[in-house]
Each structure stands twice: as structure tokens, then as C-alpha cells.
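Single-structure report; data block below.
Protein chains in written order, with our numbering: chain A, 1 to 346; chain B, 347 to 692.
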């Protein structure tokens, strides 16, 4: 749109050479990711090792992280073809963490189907997971040599932090009083850093400037926090058909989400006693437990508190997106995608 | 030794510039590795994640693989300082596989101490292991940019093959008749490829020619086979004080080693029946089981067969070492080290 140049003569220089019209939509990027994932070679032997990997990668999911790698790459004017392998690496890594998390959480269901741990056994899940971690690096190593050191560093740092987050999550199972800031730090490590690393990887591949690379990372971190809090909320207040998971699952398994920690902090008297009692065991009638705990949450206005915190983090995220020095037009696709992620129907 | 040049004027040119006198002994290389390992940063948080990693790396071991990385690097005239980080990466990876193997094998003891899985629990062992895998790549990524792609490829290929080997090993637990060649392929993947990859990594860092790189890899593969068969044999015929493990452990746990597979192939009549019966359960008197099975092995000459196969593989290994186009003097340290590995006291 050269026309806009005459109206806004101080628009950043980068707008001159770019236009959003040659950018891919999120649906188009998802299609590219799905196609690349379907081409990942998983016909190796022994089949007992590779079958659970195919099964895991075929379970689907929104492919948020690899889409974000491509989206960030294109936002900075990069060639997304160069970002596909690192994007696939991050998706394989993410699925590997889910596979091992399911063993640790003793979770029988993943994306509506049996988890690998349940369908096969813990040993199969451990070893297939380990192989997926190596496969992730195999794809990452296909990055261009000029960004390889950088991309490896971003990925490995995130991988270690995701493990740290999972360890905090396990620690918190047996700690009664977790502060909100401890919880936020846990979800930052477990969820946000990989989203942030995905965006950063795309930016680095596109050759973005260091300041912009840091800004998109910070944007991703805050989007990740908003996204996880939204997920916590949907587990209680979601529409099961839209959310895709059984509502109340976190309550039934005594998961200390933001909603529980906030409620425990604000509750008094009978509400506090009941909340503690219900979260001390899994031997309650499921329907009744969900109903009573949700009623306590309602009395304490936990939903509003959560929405308010989601909005706070998302607003913070947007300040980092604003600071990025590419033409505003080029940010629209990522902005819209992030809006959807942090404000899903419920 | 310029003096030898006059006696053997057709000695390879590479001898001219090199001498074994400025090379490190295996003990010196081990010291370098131990020092580098002690500097690996493991003071991160949460401590619940990093403590089992320190514990694992402090358990000791012969550090064969990292020593071999340095040894191969120096054999080809490389600077071992450039090989230390990749060497540490391979040692961390190796220890990670042991940590996860111990969960899968339900093994309470590792290097004479409680395994992580036993000392803490399976979840801690899974997650600490995953973190070690990432830490391995963190060190690998410190390789020089000109060899990074190559080193990553060697490492990731070996990592995937080690997982494949472990899966075959698990598969074989429930398969009655494993052929010798199936067993050899399993130990090639589970043990040999990482030794081969260690040597190859050192060679690549030193800038060795492709033909030499392939030859040292093949040398490592056959040394690895001889090494594992030696380990199988020591489990039955070893001197416990020297071997460091309880003799007869493989027999007690019905592990299908080369000795068992060979015995099962050769045994007839009562020996065959007894062997099958003893390997069908772990409910026998331990001392009696070890005694009777060892007597069957003795009658069938299984020890001699194993020694003969070890020698065959080691001889094959040496043909690859011979073919390497560096001065013979420079091969002495690796040759001596490999001799010791495949012919330990028993």
C-alpha cells in the first residue's frame, strides 16, 4: 500500500518493502505445518519404538508453537521454508513433554484418546519420548548454519526450563500453600517459555534485530501466561463441547491452578474449610465436588479475578508487540492469532 | 623420532609433523574429563531436579566415551580443548540413558549405589534424565561452528540408535528364541554406536579426512561389540573385586546375554531343559541357580566361544585402525586403551 506512505510519512522504514498481502494466514501456516509433520520419517525399526511416536504425532492438537515459529519468521520478512524444520522440532519436543508428563501425572487420556503410557506402558512412553527428543534435535539441526548456534541455544534453554517447570509442578502437589507468584513462575517455565522460544526462533531465522528478537520473546512469555490462565479457567467455566475436555477435571484431581490458589487465599470460614477438605482427597462424589467447589469459586469472584489477570498479562504482552519495529500491518496476523489463543470461547 | 624416517622412507607423510610424545596418556585425558565434568553447572533450581543429576554424574565410572573423544581428536592431530565440550555432552548423554534404563529395568543399583529411580522415584528419574539429555545438547552446541552440523548429526544419529537398541533389549525379554545375530545387532545399537560416535566426533573435530573418520567409526563399532561381550562374560566368569558387580547378576535376572543365547543354541537333553527352566522364573535359590547354570555353560564351553567371538571382533576392529592414514606412533595410545577395554582382568 504505497498510498499510506503519503498519509503517514513517519511510518517505520521497514513498511516500505513489506506488505501484509503476501503473508500467510494462520490457517495456511497450519496447513504447512500439518503437511511437514505428515512427512516426518517414522518408519524406522523396531516398530515398537516408532508406533507410539506416530500415534502421538497423529493425535493432533492446534500446533500453536510451530505455527508461531512460521508466523514470527514471516512477520520479520523471513522465508518460512527455512523455519519449517525448527518449527517441527518444537512441535515434536512439545509432544514429547506431554508424553512424559502423562506418565508422571498418571494421566490416562490425551487429546480425547488413550495416552501412550495407558495404551502401552510406562517403559514404552519413556523410551518413545526420549527418541522424540532426539528427533526434535534432528530437525533443529537442519537449520541454516548462520542461525544454528542461536536456534540451538534458544531451544535448549527452553527445553531445560520446561523440565524445571514440570519439577515445580510436581513439587507443588505436596505443598499446601503456594503463592500466586510461585504459581505464575511455574506456568511461565512449563508453558510460556516454549511459546516465547517459538516466536524467537522464527524471528532469528528471519534475521530480526536483537531488540526485536527480545521483544517478541517477551510478548510470547506474556501471551503464554494469559493462555495458561485461560486454560485453567476453561477447566472450570468452559463449554465442554468447545473446550474439548471434561469440565472440572482440575478440581477432581486437586490440581492447584490459579483459581484454587486465589480462592484459598481469599476464602474464609466455612468456604475455606470446605475448599481445603475437598482438595485433601479424591474420594468425594465427583459431581458434588465440582458443584460445591465451583460455588465457592463463584462466591469469591474467582472467574472475574482470573479474567482480570489474563487481561493484565495480555495487555503487557501487547506493549512488547507494539515495540517491535516492523510495519504495523505485518503484526496483524500474529495479533489476531494471539487474541484467539487467549480469549477462546467458553 | 626423525631418526625412523631414514629407516622407513615410505612412512606416511603425516608422521613427519607429528610425534606421540606430545600426546596425552589415557590417564591424563581422564583427568581432563573429570575436571571438566566437575565444572558442569548444576546449581540450578528447583534443587529437586538438579540434585539427582549431580548424584548421577558423581557416581563415577570409567568415562570411556569422553576419553575416546579426546583420544581420537589427538590421534588426528586436533586440539583436545575443542573436543572437551562434545566429550562431556556424550558422557552426560550416556549417564542419562543409564538413568532411564534403570527405571525400565527396575534396577535398584547403579555403580554400587542406589539408582536414582530407587533413591528418589520413577518421576524424578524421568525428568532429571530428560534434563540431562538437554544438558548434553547444551554442551554439544558449544562445538566450533565449522564442525557443528557434523557433530550434531553424529550425536543425534547415535542417540536415536541407542534408543532403538534399548527397545530391542526390552522386546527380547519376552521373546524366547533370539538368534545370535539379533543379539549382536541389539548390542551394536545399545552399546557400540555410542563408542563409535565418540571416536568419530573426536576425528571430525580434528579435521580428519572422511575415509579416516569412517574407519575410526568402524573401529569403534567392533571395539564396542568386543567390549559388551567381555562385559557379558565377566558377569559370569569375572572376579567380583575387579569387575565391581556381583557375579551372576545376568543369570539371576534371566538376562539373555550372548552366553545364554549360545548355550541355549548348543544345549541338548537335560542341560537344555534345565537352562530353559531356570530362565523361566526368578523364584529359584540364587546361589544354586548361578551354580547350575554356570556348570551348564562350562559343559558347553560357552566361555571359550565368547572369548573366541571377542577376539574375532577385536581383530576386525584392528583392521580398521590399521587402515587409518596417520602415523602408527599416534595410534598407540588408542590401541592400548582399547586392548584394556576388551581384555579386562577376570
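Quick reminder that beta carbons are idealized off the backbone N, C-alpha and C, glycines included.
Check	Outcome
Within chain B, partners of residue 66(A) - CB distance below 8 angstroms	Within 8 angstroms Cβ-Cβ: nothing; residue 66(A) doesn't reach chain B, min ~19 angstroms.
Short-range partners of chain B found in the segment 89–103 of chain A, where Cβ spacing is below 7 angstroms	100 and 103
Boundaries of the alpha helix (DSSP H) in which residue 224(A) is found, first to last residue	210–237
Alpha-carbon spacing of residue 370(B) relative to residue 428(B), whole angstroms	15 angstroms
Straight-line gap, residue 523(B) to residue 611(B) (C-alpha atoms, nearest Å)	9 angstroms
Buried or exposed by the 16-neighbour rule on C-beta atoms within 10 Å, applied to residue 296(A)	buried
Residue 481(B): first and last residue of the uninterrupted alpha helix (DSSP H) it sits in	468–486
Residue 319(A), buried or exposed, once every other Cβ within 10 Å from all chains shown has been counted against 16	exposed
Within 8 angstroms, strictly: CB atoms of residue 469(B) and residue 104(A)	yes
Residue interval of the alpha helix (DSSP H) (run including residue 388(B))	No alpha helix (DSSP H) contains residue 388(B), which DSSP labels as neither H nor E.
Chain B contact for residue 350(A) (CB, 8 angstroms cutoff)	Residue 350(A) lies beyond the residue range present for chain A, which begins at 1 and ends at 346; the question has no answer from this structure.
Residue span of the alpha helix (DSSP H) that contains residue 639(B), given as start and end	632–646
CB contact check: residue 355(B) to chain A, cutoff 8 angstroms	Caution is warranted here: a pLDDT of 45 is assigned to residue 355(B), below 50, making its placement in the model unreliable, and the coordinate value is therefore given only provisionally. No, residue 355(B) lies away from the interface with chain A (no Cβ there is under 8 angstroms from its Cβ).
N- and C-terminal bounds of the alpha helix (DSSP H) containing residue 544(B)	539–551
Any 3 or more C-beta pairs closer than 8 angstroms across the segment 46–55 of chain A and the segment 114–133 of chain A	yes
Inter-residue spacing [alpha-carbon to alpha-carbon] between residue 571(B) and residue 220(A)	48 angstroms
Helix, strand or coil at residue 457(B) according to DSSP, with G and I counted as helix	coil
Buried or exposed by the 16-neighbour rule on C-beta atoms within 10 Å, applied to residue 656(B)	buried
Residue-level contact to chain B via CB, residue 254(A), 8 angstroms cutoff	no
Coil, strand or helix - residue 63(A) by DSSP	coil
Extent of the continuous alpha helix (DSSP H) to which residue 612(B) belongs	604–612
Where residue 673(B) falls: helix, strand or coil (DSSP)	coil
Among 477(B), 517(B) and 493(B), the one whose alpha carbon lies nearest that of residue 155(A)	477(B)
Proximity test, Cβ basis, 8 angstroms: residue 553(B) and chain A	no
For residue 600(B), the nearest candidate out of 586(B), 626(B), 460(B) and 608(B) (CA to CA)	626(B)
Contact list for residue 85(A) against chain B, beta-carbon separation under 9 angstroms	By Cβ distance, chain B contributes nothing, its closest Cβ being about 13 angstroms from residue 85(A), past 9 angstroms.
Cβ of residue 303(A) within 8 angstroms of any chain B Cβ	no
Backbone CA spacing between residue 484(B) and residue 520(B) [nearest angstrom]	37 angstroms
Cβ of residue 210(A) within 8 angstroms of any chain B Cβ	no
Range covered by the alpha helix (DSSP H) that runs through residue 104(A)	84–104
8 angstroms Cβ cutoff met for residue 68(A) and residue 199(A)	yes
8 angstroms Cβ cut-off: residues of chain A touching residue 517(B)	46 and 48
Chain-ordered chain A contacts of residue 567(B) [CB-CB under 7 angstroms]	By Cβ distance, chain A contributes nothing, its closest Cβ being about 18 angstroms from residue 567(B), past 7 angstroms.
Check: residue 144(A) C-beta below 7 angstroms from any heavy atom of the ligand SAH	For the ligand SAH, the structure offers nothing, since it holds no ligand at all.
Supposed contact pair residue 550(B) and residue 559(B) - C-beta distance, whole angstroms, cut 8 angstroms	6 angstroms
Range covered by the alpha helix (DSSP H) that runs through residue 332(A)	332–342
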